[in-house]
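Residue numbers (the working numbering), protein chains in the order written: chain A, 1 to 244; chain B, 1 to 415.
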C-alpha cells in the first residue's frame with residue numbers, strides 16, 4: 001500500500017529525514033517511535049503533502065507517486081492524518097465541515113454525495129461509538145474544545161472518512177486514560193484487512209491498546225531498528241538514549 | 001470644475017421651484033462648498049481617502065445638474081426576493097415609488113417640502129454640496145408606539161444612461177417614542193463613474209429601535225459618500241450593519257449621539273474588496289450622558305490592490321459616567337498589495353468608564369488551509385471556508401433573523 005524508498009527531507013537546508021525506508025501492506029498497523037526532534041512529525045506532514053520541505057526519494061501509495069498529488073488529492077485517495085495539534089477554525093460549524101469534507105472525498109471518488117439526512121445519521125452513529133458529545137458538532141470546529149475533545153474529533157473524522165491509510169501523529173499526547181481507551185477503540189474498530197495505520201508516538205502506552213504488527217525506532221532521521229510489539233517494551237525500559 | 005458647478009447650480013434654481021427661503025439656504029450652502037471644495041487628505045477625517053483626488057482620477061467631466069422632470073422605469077427584477085417589505089425607490093436620484101403596503105397608513109407620515117437646515121452647524125463640505133444640489137428633501141415619520149410590520153427597503157438604483165453625474169439624496173427618518181423600524185438600504189448600479197452623495201438623519205426618540213442594514217454588494221464604478229447622523233434619546237437602540245463591497249469607492253460616515261440614558265449603538269461591518277476598490281467606514285460615537293453603550297465590530301477581506309479604512313472614534317463626555325464602549329477591527333490581507341488602515345480613537349473625559357479597542361490584520365493561516373485540505377477540500381474551497389468563517393461572526397451580530405438570513409444569502413455565507 002505504502003512504499004517509502006530512500007526519503008530525504010530538508011527544511012531550510014537543515015536535514016530532517018535521510019535514508020528513510022518503510023513499507024506498509026494492506027491491513028497492517030505500524031508504530032513509529034522516536035525522541036523529540038527525530039523527524040516524526042515531518043514524516044506525517046510529508047505524507048499528507050504539507051508544503052515547505054525539500055524532498056527527494058520516492059513515496060508510492062498504491063503504486064502512485066505521492067509527490068505528484070496535492071494534499072486534497074491524497075485525501076481523496078484515502079490518506080488521512082490525525083493532527084498532533086488539530087487547528088481551531090473559527091466560524092466554521094463542525095457538522096458542516098465534516099459534511100463538506102466527506103462529500104468532497106466521495107465526489108472525487110465518483111461516489112454519490114450524502115444529503116443532510118444521510119449524513120446526520122452517519123455522524124450520529126459515529127459520534128455515539130466514540131462517546132463524542134453530539135452537541136459539540138454544532139459548534140465551531142475545535143473552538144473551545146479541550147485537548148482531549150480535539151483528539152477525539154480527529155478520530156471521529158477518521159471514522160467518518162474511512163481512509164485506507166491513517167496516520168496518527170501523537171494522538172495519545174494530552175489524553176487521559178479514559179479518552180485514550182476511547183480513541184484506541186475507535187482505531188481498533190476501523191482495523192480491517194484493507195485499512196492500514198501508521199501510529200507515531202513517544203510512548204509505549206498507546207500500544208497497550210492498539211496492538212501494532214510492527215514497531216520501528218526513528219532516530220536521527222531514519223529507522224534504526226524494526227521489530228514486533230516487544231520492541232516498544234524494550235524501548236520503554238531502556239530509554240532512547242541507551243538504545244542502539 | 002468651479003465653472004461647471006456655477007452653471008449647473010444656476011440651471012437647478014432656474015428649473016426648480018424652490019421656496020424663496022430654500023433657494024437662499026441653497027445658495028449659502030453652494031457658496032460654502034465653492035469655498036471648501038471636495039475634501040482632501042489634508043483633513044484628518046480624509047487622510048486615508050483623498051476624495052478630491054479619487055474623484056478627479058475616476059470621474060471625467062463631473063456635472064451637477066440632473067433633469068428630474070421625467071419618470072424613470074424601475075427594473076423590478078432587482079427587488080429583494082423572498083422578503084416581504086415596504087419600498088421607497090430612487091432611480092437616478094429621482095423618487096419613483098413609495099409603497100407601505102404592509103402598514104397602517106396613519107402611522108407613517110412622509111413630508112417632501114421641508115425647509116433645509118441652515119448650514120452653519122457643520123464644516124462638512126459634502127453636506128454643503130448635498131444641501132445645495134438636492135432636489136427634494138424627504139422626511140419619514142414613524143408615529144408613537146408603532147412598529148413597522150415589515151422592513152422598509154430603500155432602493156437606490158442608477159441606470160446605465162447615468163454617467164459622470166453628481167447625485168444627492170437627503171432623507172430624514174424620525175422615530176417617535178416607542179416605535180421601531182428595520183431599514184435596508186440596497187443599492188444597484190448599472191451606471192458609470194458618478195459621485196453619489198447621501199445624507200441620512202435619524203432621530204430615535206425614547207424607547208425606540210432603529211435597525212439599519214446598508215448593502216453595497218453589486219460591483220460598480222461609482223464613487224459614494226454616505227453621511228449618517230443619528231440622535232438617540234433615552235433607552236433607544238440603534239443597530240447598523242454595513243456590507244461594504246460593490247462600489248469602486250464608498251465612505252460611510254456614522255455620527256451617533258447617545259443623548260439619552262441607557263441608549264445604545266451597535267455598528268458592525270464587513271469589507272469584502274477586490275481589484276482597485278477603496279472603502280472606508282468612519283464612526284464618531286458620542287457618549288453624552290451616563291449609562292450609554294456602544295459596540296463596533298468591523299472585519300475585512302482584501303484582495304488584489306484593494307484598500308479598506310476604518311476610523312473608529314469613541315468620545316466620552318465628562319458627564320457620561322458608566323459608559324461602556326468597545327471597538328474591534330480585523331482584516332485578512334489576501335496579498336501583499338492590499339492595504340488596511342485602522343485608526344482607533346478614544347477621547348474620554350469621564351473617569352468611571354469601560355472602553356476598549358483593538359485591531360489586527362494578517363494573511364490567511366496556511367496551517368489552517370493545510371488542515372482543511374488534508375480533509376479533501378481543494379485550496380479554493382479551504383480558503384473560502386476560512387474567509388466565510390472569519391466574516392460570519394460579524395453577520396451573526398444581526399439581531400433580525402430574517403434579515404440575517406437574507407444577508408447570508410447575499411454574501412453566499414449559507415452553510
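Glycine is no exception: its CB is placed at the ideal position from the N, C-alpha and C atoms. Computed from a predicted model, the values in this text were never measured in an experiment.
Residues near residue i in its chain [Cβ-Cβ closer than 7 Å; skip 5 each side]
i	result
residue 49 of chain B	251, 278, 280, 309
residue 152 of chain A	130, 132, 179, 182, 183
residue 90 of chain A	140, 143
residue 229 of chain A	207, 211, 212, 215
residue 105 of chain A	75, 76, 161
residue 233 of chain A	204
residue 21 of chain B	115
Three-state class that DSSP yields for residue i in the structure shown
i	result
residue 421 of chain B	What is shown of chain B runs 1 to 415, which leaves residue 421 of chain B out entirely.
residue 323 of chain B	coil
residue 276 of chain B	coil
residue 370 of chain B	helix
residue 288 of chain B	coil
residue 262 of chain B	coil
residue 185 of chain A	helix
residue 67 of chain A	helix
residue 253 of chain A	The requested residue 253 of chain A does not occur in the structure, where chain A is confined to residues 1 to 244.
residue 317 of chain B	coil
residue 81 of chain A	strand
residue 425 of chain B	Lying before the first or after the last residue shown, residue 425 of chain B is absent from chain B, which here runs from 1 to 415.
residue 159 of chain A	helix
residue 94 of chain A	helix
residue 397 of chain B	coil
residue 312 of chain B	strand
residue 164 of chain A	coil
residue 109 of chain B	strand
residue 349 of chain B	coil
residue 376 of chain B	coil
residue 382 of chain B	helix
residue 242 of chain B	strand
residue 427 of chain B	Residue 427 of chain B lies beyond the stretch modelled for chain B, which goes from 1 to 415, so this question has no answer here.
residue 2 of chain B	helix
residue 8 of chain B	helix
Cβ shell of residue i (< 6 Å), same chain only, five flanking positions each side left out
i	result
residue 306 of chain B	273, 274, 277, 338
residue 174 of chain B	141, 203
residue 196 of chain B	167, 222, 224
residue 111 of chain B	139
residue 133 of chain B	64, 168
residue 325 of chain B	294, 314, 355
residue 78 of chain B	188
residue 345 of chain B	313
residue 136 of chain B	112
Cβ neighbours of residue i in the same chain (closer than 8 Å, five flanking residues each side left out)
i	result
residue 96 of chain B	71, 72, 74, 89, 90
residue 21 of chain A	4, 5, 6, 7, 222, 223
residue 64 of chain A	77
Check: residue i C-beta below 6 Å from any heavy atom of the ligand MN
i	result
residue 227 of chain B	The ligand MN is not part of this structure, which contains no ligands at all.
Worksheet entry | Those runs of the alpha helix (DSSP H) which lie wholly inside the stretch 20-103 of chain B and span at least 4 residues | 20-36, 51-58
Fill in: Short-range partners of chain B found in the stretch 37-64 of chain A, where Cβ spacing is below 9 Å
Listed in sequence order: 45, 48, 49, 50, 51, 52.
Discussion item. Against chain A, which members of the stretch 358-371 of chain B pass a CB distance test of less than 7 Å?
Written reply: 367, 368, 370, 371
Fill in: Validate contact between the stretch 43-59 of chain A and the stretch 96-114 of chain A using beta carbons, cut 8 Å, 3 pairs
no
Worksheet item: Using a beta-carbon distance cut-off of less than 8 Å, what residues from the stretch 142-157 of chain A approach chain B?
Response: 157
Discussion item. Closer than 8 Å is the cut-off here; do at least three beta carbon pairs connect the stretch 175-194 of chain B with the stretch 360-377 of chain B?
Written reply: At 8 Å Cβ cutoff, the stretches do not touch.
Item to complete: Ignoring anything shorter than 4 residues or poking outside the stretch 129-210 of chain B, list the alpha helix (DSSP H) runs there in chain order.
Response: none
Worksheet item: Got a sec: which bits of the stretch 66-82 of chain A sit with their beta carbon under 9 Å from any beta carbon on chain B, in order along the chain?
Response: 70, 71, 72, 73, 74, 75, 76, 79, 80, 81
Practice prompt. Taking only beta carbons into account, state which residues of the stretch 293-327 of chain B come closer than 7 Å to chain A, listed in chain order.
Written response: none
Worksheet item: Can you list, in chain order, the residues of the stretch 178-210 of chain A whose Cβ is nearer than 9 Å to any Cβ on chain B?
Response: Within the stretch 178-210 of chain A, no residue has a Cβ that lies closer than 9 Å to any Cβ of chain B.
Item to complete: Please name the residues in the stretch 390-405 of chain B whose beta-carbon is closer than 8 Å to at least one beta-carbon of chain A, in chain order.
Response: 390, 391, 392, 393
Item to complete: Please list the residues of the stretch 103-137 of chain A that have a C-beta atom closer than 8 Å to any C-beta atom in chain B, keeping them in chain order.
Response: 104, 105, 108
Practice prompt. Starting from the N-terminal side, write out each stretch of the beta strand (DSSP E) that is 3 residues or longer and does not extend beyond the stretch 24-74 of chain A.
Written response: Correct list: 29-33, 54-61.
Worksheet item: Taking the runs of the beta strand (DSSP E) that are 3 residues or longer, which of them lie wholly in the stretch 169-242 of chain A?
Response: 196-201, 214-219, 222-227
Practice prompt. Inspect the CB distances between the stretch 154-165 of chain B and the stretch 121-130 of chain B and report whether three or more fall short of 8 Å.
Written response: Between the stretch 154-165 of chain B and the stretch 121-130 of chain B, the count of Cβ pairs shorter than 8 Å is below three; the stretches do not touch.
Discussion item. If we require 4 or more residues per run, which alpha helix (DSSP H) segments fall completely within the stretch 97-151 of chain A?
Written reply: Counting only runs of 4 or more, we get 116-129.
Worksheet item: For the stretch 226-244 of chain A against the stretch 34-54 of chain B, are there 3 or more C-beta pairs whose distance is under 8 Å?
Response: no
Practice prompt. Compile a chain-ordered list of the residues in the stretch 82-99 of chain A whose CB is closer than 8 Å to at least one CB of chain B.
Written response: 83, 86, 87, 89, 90, 91, 92, 93, 96, 97
Practice prompt. Indicate whether the contact test is met: 3 or more Cβ pairs, each with one atom in the stretch 163-180 of chain A and one in the stretch 114-129 of chain A, closer than 8 Å.
Written response: no
Worksheet item: Using Cβ-Cβ distances below 9 Å, what residues of the stretch 159-173 of chain A are close to chain B?
Response: Flagged, chain order: 161.
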